[in-house]
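Numbering follows my numbering, with no gaps: position 325 of the sequence shown is 312.
Positions of the beta carbon are idealized from the N, C-alpha and C atoms, including for glycine.
Worksheet for the structure shown next.
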Amino acid sequence: MLTMIRDIAAHVGKEVKLGGWLYNKRSSGKIQFLQIRDGSGFIQGVLVKSQVSPEVWEKANQLTQESSLYVRGTVRQDDRAPSGYELDVTDIEIIQVADEYPIALKEHGVEFLMDHRHLWIRSPRQQAILRIRAEIIHAIQDYLNHNGFTLVDPPVLTPSSCEGTTTLFHTKYFDEDAYLTQSGQLYMEAAAMALGRVYSFGPTFRAEKSKTRRHLIEFWMIEPEMAFVDHEGNMKIQEELVSHVVQHVLNHCRRELETIGRDIAPLEKVKPPFPRITYDEAVELLKKEGFEFEWGEDFGAPHETKIAESFDRPVFITHYPTEIKAFYMKPDPNRPEVVLGADLIAPEGYGEIIGGSQRIDDPQLLEQRFQEHNLPREAYQWYMDLRKYGTVPHSGFGLGLERTVAWICGLDHVRETIPFPRMLNRLYP
């Protein structure tokens, strides 16, 4: 029975057998130090020449970086060790002596590492990021599942675009045109009319020829939709969700956050309520800071960063101009030129992580929007039906997983937030 390194504390003073890979090795002549990883953690194995057979000593000499092995030894507590424990090795069974490993323990260029992403994810930093990603997913689903939401899976192949844009991946569905989904939102609205509160979690695709540090071609979205929830209620759920996720990561991923060198002080401030400013107020703020900006324009990354600098936690920017937002967003009845929607901007320059709004529930207004946006009525007839058969006030939002991971981890680029990123010039590996 193999012991996992993560459980090693329960075996102090006992002999265990580990299965793993050699991360690194060093020797001081009569002692060899083997850094072993097994996917659950790292531990240093100490091999003393006078205490093992010549055969075991020679096996240790043969080991190269990323060689796979079984190792037996006695667990010893050692406060000087990074994990707090070491393994006094008594026996080694080599599974494979690895070929010369491409990613030696030195600095490498980003493109080289991306070409070897299938191997790069073995490094301590990349492991830590992927573990944090997994905990973020767990925390999101935990919050939603415990607050009355039902997980619903929308299709990946769709006959039309959610937002009526041109950034679609086209394919053939037998004799029909089809597209890879940009969002499951419209289908979630249908599900909300059946189940009340729902969410989807899955991949989305946008054929945007963008090379910024915030953009991926394939990315994962969490998209809740809620019947009988208005704009204010929508924002309240968003801030509760984001706060829950951040606090969960702080409570469950301290070691991983230390591994990647994340300053957790900004994260500790992420608690509701989040500040709210209107689009109008944001425009005035930018002008005071010296930006040339006209009402009706959309915010870019520099604008979002400057706005976020005024706050110590995520900030909602509300009431964007109707003209620059998606066709399904409900206009403010008191001021139809702006919508009952908001973007949630993460601090520290990470930009928008959530976009949300109250949805149009009036069938006549939705019909008007179809015409204004030149959307094909036949492709959206089912969506119109939702307003004909028991329409109700409803709201929803989309949270970008990779941007959220980048912010919580403090990463410079979203390419490290997903196991195998798909970017403008990268489809391999």
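Same chain, Cβ closer than 6 Å to His218, five either side skipped, listed in chain order: Sequence-distant Cβ neighbours of His218 in its own chain, meaning closer than 6 Å and more than five residues away, are Leu327 and Gln345.
Presumed contact (8 Å Cβ cut-off) between Tyr88 and Gly6, rounded CB distance: Contact between Tyr88 and Gly6 is absent: CB atoms are separated by about 19 Å, not below the 8 Å threshold.
Rounded separation between Asp162 and Pro146 - CA only: Cα to Cα, Asp162 sits roughly 12 Å from Pro146.
Inter-residue spacing [alpha-carbon to alpha-carbon] between Tyr166 and Ile204: Each residue's Cα considered, the two are about 14 Å apart.
First and last residue of the uninterrupted alpha helix (DSSP H) at Asn221: Here the alpha helix (DSSP H) through Asn221 covers His218 to His239.
Which of helix, strand or coil DSSP assigns to Gln355: Reduced to three states, the DSSP call for Gln355 is helix.
CB-CB length for Tyr10 against Ile(-5), believed under 8 Å: No, Tyr10 and Ile(-5) are not in contact; Cβ-Cβ is about 15 Å, not under 8 Å.
Continuous alpha helix (DSSP H) assignments of at least 4 residues falling wholly in the stretch 351 to 400: If only uninterrupted alpha helix (DSSP H) runs of at least 4 residues are considered, those enclosed by the stretch 351 to 400 are 364 to 375 and 388 to 396.
Which listed residue (Ala288, Asp102, Ile332 and Ala269) has its alpha carbon closest to that of Pro416: Nearest to Pro416 by alpha-carbon distance, out of Ala288, Asp102, Ile332 and Ala269, is Asp102.
Cβ pair count under 8 Å reaching 3, the stretch 363 to 377 against the stretch 191 to 206: With fewer than three CB-CB distances shorter than 8 Å, the stretch 363 to 377 does not count as touching the stretch 191 to 206.
Where Asp267 sits in the DSSP three-state scheme: DSSP places Asp267 in helix when its eight states are reduced to three.
Residues of its chain near Gly135, where Cβ-Cβ distance is below 8 Å and the 5 sequence neighbours each way are ignored: Gly183 and Arg184.
Straight-line Cα distance separating Tyr174 from Lys181: The residue asked about is misnamed: residue 181 is Ala in this sequence, not Lys. When only Cα atoms are considered, Ala181 and Tyr174 end up about 11 Å apart.
Cα-Cα separation between Ile82 and Ser15, rounded to whole angstroms: If I take the Cα positions, the gap works out to 25 Å.
Runs of alpha helix (DSSP H) lying entirely within the stretch 94 to 164, each at least 4 residues, in chain order: Secondary structure in the stretch 94 to 164: the alpha helix (DSSP H) runs of 4 residues or longer, each lying completely within the stretch, are 97 to 102, 104 to 107 and 111 to 132 in chain order.
Contacts around Gln49, its chain only, beta-carbon distance under 8 Å, and the 5 residues preceding and following it disregarded: Taken in chain order, the residues that qualify are Ile81 and Val84.
Beta-carbon contacts of Phe188 that lie in its chain and below 6 Å, excluding the five residues immediately before and after: Sequence-distant partners of Phe188 (beyond 5 residues in either direction) whose C-beta falls short of 6 Å from its own C-beta, in its chain, are Ile209.
Pair within 9 Å by beta-carbon distance, Glu324 and Glu310: Yes; because the gap between Cβ atoms is below 9 Å, this pair is in contact.
With 16 other Cβ atoms within 10 Å as the buried cut-off, status of Tyr376: Looking at its Cβ environment, which holds fewer than 16 other Cβ atoms inside 10 Å, Tyr376 is exposed.
Nearest-angstrom Cβ-Cβ length linking Val362 and Phe314, presumed shorter than 8 Å: One detail in the question is off: residue 362 reads as Leu in this sequence, not Val. For a cut-off of 8 Å, the C-beta gap from Leu362 to Phe314 is around 7 Å, short enough to register as a contact.
DSSP-derived helix/strand/coil call for Glu205: Strand, per DSSP.
Helix, strand or coil at Thr(-10) according to DSSP, with G and I counted as helix: DSSP places Thr(-10) in coil when its eight states are reduced to three.
Gly287 beta carbon less than 9 Å from that of Gly342: In this structure, Gly287 does not lie closer than 9 Å to Gly342 by Cβ.
Where the beta strand (DSSP E) containing Thr305 begins and where it ends: Here the beta strand (DSSP E) through Thr305 covers Val302 to Thr305.
Cβ-Cβ distance between Gly397 and Asp250 below 9 Å: Cβ distance < 9 Å, so Gly397 and Asp250 count as in contact.
Cut-off 6 Å between Cβ atoms - residues of its own chain near Glu53, not counting five sequence neighbours on either side: Scanning its chain for C-beta atoms nearer than 6 Å, with the 5 sequence neighbours on each side dropped, one finds around Glu53 the residues Trp8, Ala85 and Tyr88, in chain order.
Stretch pair the stretch 116 to 134 + the stretch 227 to 242: three plus CB contacts closer than 8 Å: By the Cβ test, the stretch 116 to 134 is in contact with the stretch 227 to 242, since at least three Cβ pairs between them sit closer than 8 Å.
Neighbour-count burial assignment, Ala417, 16 or more Cβ in a 10 Å radius: Since the first residue of the chain shown is -12 and the last is 416, residue 417 is not available in this structure.
Length of the line joining the Cα atoms of Glu245 and Met410: Looking at the two C-alpha atoms, the distance is approximately 28 Å.
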